[in-house]
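First up is the structure itself, then whatever we jot down about it.
Below, the structure is given as structure tokens:
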């Protein structure tokens, strides 16, 4: 693993994200910190599975580089890939590694990538890392704050939580993740999410006077 590549990529990402000074600093902080968490998850998968440790960590770190550049949310993976392509040429990477990173980034949102590039397992791993982070404690807190303001009544909030628990139970039953390590990380996050929402539901049901 080339640490110099990673340092350069980190600085490249941070400089670009924080150049959007017109956006809320909380949004900028979240996107930067989410990228770091996805990167750390990528390192964890590399340590546990036989992924290319030059490809997956860089793809994880840069996967949302173009998040604020894309006109449509669904396109931000492909926009990110297009924007980071010239930068990757400056790093100590083989041509194949560069293309692999671009492929992972381009398809991480909707599994769609221009051309007919052969599928690689690092792309599945990046998607896993991205989704694992979105199920974690940070997102639980962020979602709770949003829903407390968006749902103006306890019955409406309760309905939302019941809906979420049904989805969480479905994901636990079906299993998620493309590797043994990813499956375990998904299970850990989903178990936390289930426990939190079950407790929240209990407290909502106690918020009555009879």
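Numbering (the numbering used here), first residue to last: 5 to 214. The C-beta atom is built at its ideal place from N, Cα and C for all residues, glycine as well.
Could you work out which residue in 188, 61 and 167 is closest to residue 205 when comparing CA atoms only?
The shortest Cα separation from residue 205 among 188, 61 and 167 belongs to 167.
Judging by CA-CA distance, which residue of 32, 44 and 8 is the nearest neighbour of residue 136?
For the residues 32, 44 and 8, the minimum Cα distance to residue 136 belongs to 44.
Quick check on the burial criterion: 16 or more other C-beta atoms within 10 angstroms. Buried or exposed for residue 210?
Exposed, since its Cβ has fewer than 16 Cβ neighbours within 10 Å.
Just to check, is the beta-carbon of residue 120 closer than 7 Å to a non-hydrogen atom of the ligand NAP?
With respect to small molecules bound, the structure shown includes none, and the ligand NAP cannot be examined in it.
Please confirm if the stretch 73-84 is in contact with the stretch 123-142, defined as three or more CB-CB distances below 8 Å between the two stretches.
Result no; under three Cβ-Cβ pairs closer than 8 Å.
Which one of 158, 148, 5 and 17 has the shortest CA to CA distance from residue 57?
The candidate whose alpha carbon is nearest that of residue 57 is 5.
Measure the beta-carbon distance from residue 68 to residue 35 and round it to whole angstroms, keeping in mind my assumption that it falls under 8 Å.
Indeed, because the Cβ distance is near 6 Å, the residues count as touching under 8 Å.
Among the residues of its own chain, which have a CB less than 7 Å from the CB of residue 158, if the five just before and after it don't count?
Only 208 and 211 meet the Cβ criterion.
Is it buried or exposed, residue 120, if we count other Cβ atoms within 10 angstroms and call 16 or more buried?
It counts as exposed.
Can you tell me whether residue 105 is buried or exposed? The criterion is at least 16 other CB atoms within 10 Å of its CB, across all chains shown.
With 16 or more Cβ atoms within 10 Å of its Cβ, residue 105 is classed as buried.
Considering only the beta carbon of each residue, do residue 59 and residue 117 sit closer than 8 Å?
Their beta carbons are not under 8 Å apart, which means residue 59 does not touch residue 117 by this criterion.
Quick one, which of 63, 11, 181 and 72 has its alpha-carbon nearest residue 25's?
Nearest of 63, 11, 181 and 72 to residue 25, Cα basis: 72.
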